[in-house]
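Colleague: Chains as they are written, first to last, in this note's numbering: chain Z, 1 to 111; chain V, 1001 to 1110.
Virtual Cβ for every residue (Gly too), placed ideally from N, Cα, C.
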Amino acid sequence: DAKTTQPPSMDCAEGRAANLPCNHSTISGNEYVYWYRQIHSQGPQYIIHGLKNNETNEMASLIITEDRKSSTLILPHATLRDTAVYYCIVGRTGANSKLTFGKGITLSVRP
Amino acid sequence: NAGVTQTPKFQVLKTGQSMTLQCAQDMNHEYMSWYRQDPGMGLRLIHYSVGAGITDQGEVPNGYNVSRSTTEDFPLRLLSAAPSQTSVYFCASSRANEQFFGPGTRLTVL
């Protein structure tokens, strides 16, 4: 599976948009981009996934570049509860896809 | 739905002891998996199962056994605990493209 590169940390102000970048230059044509987050020491939580089109759900938006070598997760109005580690993962589709969780990016939302 | 449940929440073992971490899901998912997470690290896959009676090894399977006799349950057994197995263990079940994680078991091996 392709690897991803994320900065170790970033912060943003409460109420502002948080834009979390991810590089996945070796992604192959049948691999999806997944985002999960882990709040404090809880189990990871699924956020969103996409192949090549931009995706949006009630939690976030996922913007994937046309060449698919990078993507951005957007939390439109960050709250203090969004402070977490966010994992960008590349993998195949389906329930059986074995996803590799790296170290992720720590997002700190400040008041 | 309770989702994915794990017991116990915390456990302290002595080196050489054995134990079983329990995991159950009530979502009728075929795919289940076990991960471990060490401090400051991401999750590493230990074992996984694509359905009852079928299991396979992940990235770090040594020292762990699994079985899957029912769709709901996927226990993880530590055969002879070692300090290197001190970690937080997460169980997950999957539907389509989404994995659902349990709350974790925090294991310390002395």
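1) Of all the beta strand (DSSP E) runs that stay within the bounds of the segment 1001-1089 of chain V, which reach a length of 3 or more residues?
2) Among residues of its own chain, excluding the 5 on either side of G1104 of chain V, which ones have a beta-carbon nearer than 6 Å to its beta-carbon?
3) Going straight from the alpha carbon of I1054 of chain V to that of G1040 of chain V, what length do you get?
4) Give me the Cα-Cα distance between S108 of chain Z and S1084 of chain V, rounded to the nearest whole angstrom.
5) For a test of the three-state rule: what should DSSP assign to D82 of chain Z, helix, strand or coil?
6) Among V:W1034, V:T1007 and V:T1005, which one has its Cα closest to the Cα of G1058 of chain V?
7) When you check each C-beta in the segment 32-49 of chain Z against every C-beta of chain V, which residues fall closer than 9 Å?
8) Does T93 of chain Z come within less than 8 Å of chain V when only Cβ atoms are used?
9) Tell me the residue span of the beta strand (DSSP E) that contains G50 of chain Z.
10) Thinking just about the alpha-carbon of each residue, which of V:K1009, V:T1020 and V:H1047 is nearest to the one in L1079 of chain V?
11) Just to make sure I have the definition right: I need the residues of chain Z whose C-beta is within less than 9 Å of the C-beta of F1090 of chain V. Which are they?
12) Just to check my reading of the structure: K1009 of chain V and R1106 of chain V have Cβ atoms closer than 8 Å, yes? What is that Cβ distance to the nearest angstrom?
13) Who are the near neighbours of P21 of chain Z in its chain, counting only those whose CB is closer than 6 Å to its CB and skipping five residues on each side?
14) Compare the C-beta of R1036 of chain V with all C-beta atoms of chain Z and state if any pair is closer than 8 Å.
15) Just the C-alpha distance for S61 of chain Z and H1047 of chain V, rounded to the nearest angstrom, thanks.
Modeller: By the coordinates alone:
1) 1004-1007, 1010-1013, 1019-1025, 1031-1037, 1043-1051, 1054-1057, 1064-1066 and 1076-1078, all fully within the segment 1001-1089 of chain V.
2) Contacts found: V1088 and F1090.
3) Taking the straight line joining both Cα atoms gives about 32 Å.
4) Between S108 of chain Z and S1084 of chain V, the C-alpha separation is close to 30 Å.
5) Residue state, collapsed to three classes: helix.
6) Of the residues V:W1034, V:T1007 and V:T1005, the one whose Cα lies closest to the Cα of G1058 of chain V is V:W1034.
7) Identification of residues in the segment 32-49 of chain Z having a C-beta nearer than 9 Å to some C-beta of chain V yields Y32, Y34, Y36, Q38, S41, Q42, G43, P44, Q45, Y46 and H49, given in sequence order.
8) Chain V contact via Cβ: present.
9) Element bounds for G50 of chain Z: Q45 to G50.
10) Closest by alpha carbon: V:T1020.
11) Per Cβ cutoff of 9 Å: G43 and P44.
12) Contact between K1009 of chain V and R1106 of chain V holds: CB atoms are separated by about 7 Å, below the 8 Å threshold.
13) Residues of the same chain with a CB within less than 6 Å of the CB of P21 of chain Z, apart from the 5 flanking positions on each side, are T72 in chain order.
14) Contacts with chain Z at 8 Å (Cβ-Cβ) do not include R1036 of chain V.
15) Roughly 32 Å separates the two Cα atoms.
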